[in-house]
DNA sequence: CTGGCTTAGTTTTGTAGTCGAAGAAAGTGA
DNA sequence: TCACTTTCTTCGACTACAAAACTAAGCCAG
């Protein structure tokens with residue numbers, strides 16, 4: 050199954066947004082929703098009724114009066130339908146189920162060897178999703194402990210899987226769900242993830258780039274009121290996701306945000322997996338930091354080791370982190386001048402690395418138009434390891450909720 | 050008068066789009082419009098009737114039959130209402146009136162000394178617009194010859210001015226119409242163009258950056274079917290305009306597209322008017338080329354002289370043009386990777402400079418993701434000197450037509 | 001030259017989404 | 001108890017659009 054177009058009614062009072070307001074606790078009653086959405090009370094009532102009929106919302110008794118009639122409290126049913134989400138990384142994958150409000154119901158992290166190829170890797174992850182979504186998963190599933198919120202509900206299809214969202218650490222043609230020339234995923238080039246998965250699960254499958262999903266997740270959870278935002282994912286690789294006018298911007302080929310092979314000044318310019326030299330990814334990615342440290346004779350096993358060195362104040366590692374921050378800042382400066390977003394947020398495992406963030410900030414302020422940085426927020430992406438699957442779930446839910454109403 | 054938000058119904062069958070299809074000749078009958086817009090015949094009929102009542106459209110007899118009833122031909126009335134437009138440049142301004150389809154009715158180029166300050170410059174240009182819009186302007190107006198299409202119509206308010214659009218060669222806060230920290234416009238910082246003009250003409254005034262207007266004009270006339278486009282204006286200064294999802298992207302502060310002070314590699318890095326060194330504008334703008342040639346001891350009076358040298362194959366000038374093209378290409382490569390547009394088009398006086406265009410193209414293909422350049426169009430902006438006022442007029446018409454219907 | 005087919009456009013009717021006003025429901029507080 | 005507030009529903013109206021039926025006006029084949 051392939052999805053061409055994002056639904057239109059996600060924003061400004063669409064059923065999806067009402068759902069989200071209730072889910073986040075921003076709204077508890079119909080009156081709250083009316084105030085938040087700007088829709089008339091009658092319209093809200095009508096939509097809420099539809100959502101209740103779909104089982105996406107329920108009334109949970111009366112709330113506290115504020116001087117008048119008590120509100121009839123609304124909530125997203127717990128234990129109801131869920132969507133599955135996979136956030137594939139270079140060495141690990143985060144797999145989870147989320148309820149239709151976008152809250153994580155179950156999540157676990159699995160080790161992954163991306164070089165095993167798509168069939169094997171995706172096969173294992175799909176099995177894991179199936180296990181999580183199965184009614185009694187919380188008790189029977191093996192592996193990492195996960196918080197069980199799985200009180201199966203009374204009414205019918207409890208925990209039914211409604212869709213699956215997958216994030217890939219490489220370029221994805223969103224329209225077709227196909228992977229195109231990934232630089233760090235041997236054996237995956239041209240693989241049609243959506244088709245592969247659609248053959249194994251009986252629900253809509255949506256595939257997108259991992260940075261896009263992080264962007265969507267972060268925007269929905271932290272910046273939903275902002276129109277234009279840029280999110281950088283700095284982990285083993287480097288990617289970015291773009292929100293334009295409140296919507297994920299994918300560009301002509303769905304390749305928007307792929308800044309990993311932009312050239313930055315670096316001396317010497319390290320060679321990149323893409324064949325060129327001096328790419329952002331070859332200077333500032335986690336993989337690049339590992340390589341650079343090893344080249345200096347410092348033995349590090351992986352990115353975790355590098356981050357530990359930086360946290361410990363190791364001189365070489367810190368210098369490299371600063372250089373990486375500057376490099377990201379350089380590219381981001383062009384992006385900020387060009388795109389003029391309200392917020393730039395950095396996520397991924399390198400986002401917690403203080404020296405990197407500091408020099409990125411400094412470079413941005415130095416190189417951007419004052420007008421562009423005047424009110425610009427430069428932040429860390431908040432929600433941690435679940436931000437990717439959160440974004441994936443939102444993408445799927447947008448599709449599912451829109452389709453049903 | 051200040052305009053906060055672009056009207057929403059410009060796209061997909063809005064009255065404005067119907068008008069444009071008729072104006073461009075894409076549609077001649079109601080049936081054509083129905084097919085093009087996807088709207089039902091009844092809706093189109095209704096809208097067309099409204100447009101005719103507003104005097105924005107007229108019936109011009111019957112057309113050729115294609116096997117059935119003959120279509121009733123539609124056309125935009127000539128000599129009807131117009132909007133004024135000013136495209137202010139560093140040394141010249143293009144001033145014109147355009148009919149409500151966006152066609153230029155009258156246009157002329159005036160010399161301008163930007164350093165005379167906003168009151169004097171804008172005062173003169175406003176007077177010129179008033180003269181053009183006056184009923185008998187075509188015969189009485191002085192100055193550069195202009196094609197007179199000014200046959201005043203029969204029905205009532207012939208040639209009435211409905212709005213005014215102004216393009217400024219510097220950063221403009223579109224929401225307020227105020228100029229912010231322009232690097233090349235001494236005495237204009239903080240000036241409220243919209244307020245100044247609104248006090249002198251009795252119609253809505255919309256102010257925007259000149260590159261934005263070029264982008265809008267070029268997109269509407271040449272690429273209206275494309276969703277994402279980037280337009281570079283390379284003249285005395287360098288700017289860009291961005292179309293995202295078919296709409297002008299202005300960003301958080303209305304400063305989007307201002308890439309003039311992005312740093313590029315250049316040795317030696319020439320100082321920029323902004324105080325930094327190595328800015329794109331200091332390397333690749335027309336002003337920079339003039340300065341660089343003079344520094345090499347080659348006497349050139351202005352940009353025209355530089356272009357002539359390049360056309361004559363002068364070695365130094367050509368080398369500089371290539372360097373400028375590379376610099377623009379470098380920045381544009383980041384932009385293309387990040388934004389993934391369907392088209393990148395270059396306009397402004399330097400766009401006709403072959404060596405510059407060639408090295409810009411080469412740099413783009415070298416530095417961008419293959420996926421991003423695979424189907425990317427790299428073009429010259431077509432319409433020449435009227436593209437700026439065309440964009441300005443479109444902006445105004447969008448506002449005026451939407452307001453009236 | 002007449003009926004069948006095609007294209008063009010209008011009119012009528014219906015539907016979906018939204019708003020606003022009115023009012024019902026259910027409380028607070030003096 | 002009564003005035004007032006807040007919450008939520010109901011109902012009528014309006015708008016945008018579409019579907020279908022219909023009128024208008026041509027083509028062409030027999």
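Protein chains in written order, with the numbering used here: chain A, 50 to 454; chain B, 50 to 454. Beta carbons: idealized from backbone N, C-alpha and C, even for Gly.
Put residue 10/A into one of helix, strand or coil per three-state DSSP. Outside the displayed span of chain A (50 to 454) sits residue 10/A, for which this structure offers no information.
Residues of chain A with CB under 7 Å from residue 277/B, in chain order? Near residue 277/B (Cβ distances below 7 Å), the residues of chain A are 300 and 301.
Using the Cα positions of residue 418/B and residue 280/B, report the straight-line distance between them to the nearest angstrom. About 19 Å.
Output yes if chain A places a C-beta closer than 8 Å to the C-beta of residue 240/B; else output no. No, residue 240/B lies away from the interface with chain A (no Cβ there is under 8 Å from its Cβ).
Mind checking if residue 443/A is an interface residue toward chain B, Cβ cutoff 8 Å exclusive? The beta carbon of residue 443/A sits no closer than 8 Å to any beta carbon of chain B.
Would residue 386/B count as contacting chain A if we go by Cβ distances under 8 Å? Interface criterion met: the Cβ of residue 386/B is under 8 Å from a Cβ in chain A.
For residue 193/A, collect the residues of the same chain with a Cβ closer than 7 Å to its Cβ; drop the 5 residues on either side in sequence, then sort them by chain order. With a pLDDT of 37 at residue 193/A, under the threshold of 50, the predicted position of this residue should be treated as unreliable, and no value is reported.
Can you tell me whether residue 469/A is buried or exposed? The criterion is at least 16 other CB atoms within 10 Å of its CB, across all chains shown. The shown model of chain A, from 50 to 454, leaves out residue 469/A, and the question about it has no answer.
Three or more beta-carbon pairs under 8 Å between the region 424 to 441 of chain B and the region 251 to 264 of chain B, yes or no? Yes, since at least three Cβ pairs between the region 424 to 441 of chain B and the region 251 to 264 of chain B fall closer than 8 Å, the two stretches touch.
Is the Cβ of residue 344/A closer than 8 Å to any Cβ of chain B? No, residue 344/A lies away from the interface with chain B (no Cβ there is under 8 Å from its Cβ).
Cβ pair residue 306/A, residue 290/A closer than 8 Å: The Cβ-Cβ distance between residue 306/A and residue 290/A falls below 8 Å.
May I ask you to list, following chain order, the residues of the region 302 to 314 of chain B that have a beta carbon less than 8 Å from some beta carbon of chain A? Going along the region 302 to 314 of chain B in chain order, one finds 302, 303, 304, 305, 306, 307, 308, 310, 311, 312 and 314 with a Cβ nearer than 8 Å to chain A.
In the DSSP output, what is residue 278/B paired with across the bridge? Answer is 292/B and 392/B.
Report the neighbours of residue 391/B on chain A: residues whose CB is nearer than 7 Å to its CB, in chain order. Result: 301.
By Cβ distance, which residues of its chain are closer than 8 Å to residue 396/B, with the 5 residues on each side in sequence left out? Within its own chain, the residues whose Cβ lies closer than 8 Å to the Cβ of residue 396/B, once the five positions on either side in sequence are excluded, are 263, 267, 280, 281, 282, 283, 429, 430 and 436, listed in chain order.
Could you check where the alpha helix (DSSP H) with residue 160/A kicks off and where it finishes? Not the alpha helix (DSSP H): residue 160/A falls in the beta strand (DSSP E), residues 153 to 160.
Using DSSP bridges, identify the partner residues of residue 141/A. For residue 141/A, the pairing in a beta bridge is given by DSSP as 160/A.
What residues in the region 420 to 432 of chain B have a beta carbon less than 9 Å from any beta carbon of chain A? Interface annotation for the region 420 to 432 of chain B against chain A: 420, 421, 423, 424 and 425, criterion Cβ-Cβ distance under 9 Å.
Buried or exposed: which applies to residue 403/A, given that a residue is buried once 16 or more other Cβ atoms fall within 10 Å of its Cβ? The residue in question, residue 403/A, is exposed, as its Cβ has fewer than 16 Cβ neighbours within 10 Å.
Name the chain B residues that come within less than 8 Å of residue 382/A, Cβ to Cβ? The contacting residues are 311 and 312.
Kindly indicate the opening and closing residues of the alpha helix (DSSP H) around residue 261/A. Note, residue 261/A: alpha helix (DSSP H), 259 to 271.
What first and last residue would you give for the alpha helix (DSSP H) that runs through residue 101/A? First-last of the alpha helix (DSSP H) with residue 101/A: 90 to 102.
Is it the case that the Cβ atoms of residue 140/A and residue 285/A are separated by a distance below 8 Å? Yes, Cβ-Cβ distance for residue 140/A and residue 285/A is below 8 Å.
In chain A, what lies closer than 8 Å to residue 319/B by C-beta? Taking a Cβ-Cβ cut-off of 8 Å, residue 319/B has no neighbours in chain A, whose nearest Cβ is about 16 Å from it.
By the three-class DSSP mapping on this structure, what secondary structure does residue 202/A have? Residue placement at residue 202/A is poorly supported in this model, since its pLDDT is 30, which falls under 50; the coordinates still yield a value, given next. In this structure, residue 202/A counts as coil in the three-state DSSP scheme.
Strictly below 7 Å CB to CB, what residues from chain B border residue 229/A? 420, listed in chain order.
For residue 220/B and chain A, any beta-carbon pair shorter than 8 Å? Interface residue, yes.
Which residues in the same chain have their Cβ closer than 6 Å to the Cβ of residue 229/B, if we skip the five residues on either side of it in sequence? Closer than 6 Å at Cβ, skipping near neighbours: 220 and 222.
Please report the residue range of the alpha helix (DSSP H) in which residue 67/B lies. Here the alpha helix (DSSP H) through residue 67/B covers 64 to 73.
Are the beta-carbon atoms belonging to residue 278/A and residue 292/A less than 8 Å from one another? Yes, they are a contact pair.
Within the continuous alpha helix (DSSP H) that includes residue 431/B, where are the two ends? Annotation: residue 431/B is outside any alpha helix (DSSP H) and is labelled neither H nor E by DSSP.
To the nearest angstrom, how far is it from the Cα of residue 84/B to the Cα of residue 238/A? Distance between the alpha carbons of residue 84/B and residue 238/A is about 40 Å.
In the DSSP assignment, what residue or residues form a beta bridge with residue 463/B? Residue coverage of chain B in this structure runs from 50 to 454, which leaves residue 463/B outside it and unanswerable.
What does residue 294/A touch in chain B if you count any residue whose Cβ is under 8 Å from its own? Residues of chain B passing the Cβ test: 293, 294, 296 and 298.
Let me know if residue 102/A comes out buried or exposed under the rule of 16 or more other beta-carbons within 10 Å of its beta-carbon. Exposed: under 16 other Cβ atoms inside 10 Å.
Which whole-angstrom value describes the C-beta separation of residue 335/A and residue 399/A, a residue pair presumed to lie in contact below a C-beta threshold of 8 Å? Rounded to the nearest angstrom, the Cβ distance from residue 335/A to residue 399/A is 6 Å, consistent with a contact under 8 Å.
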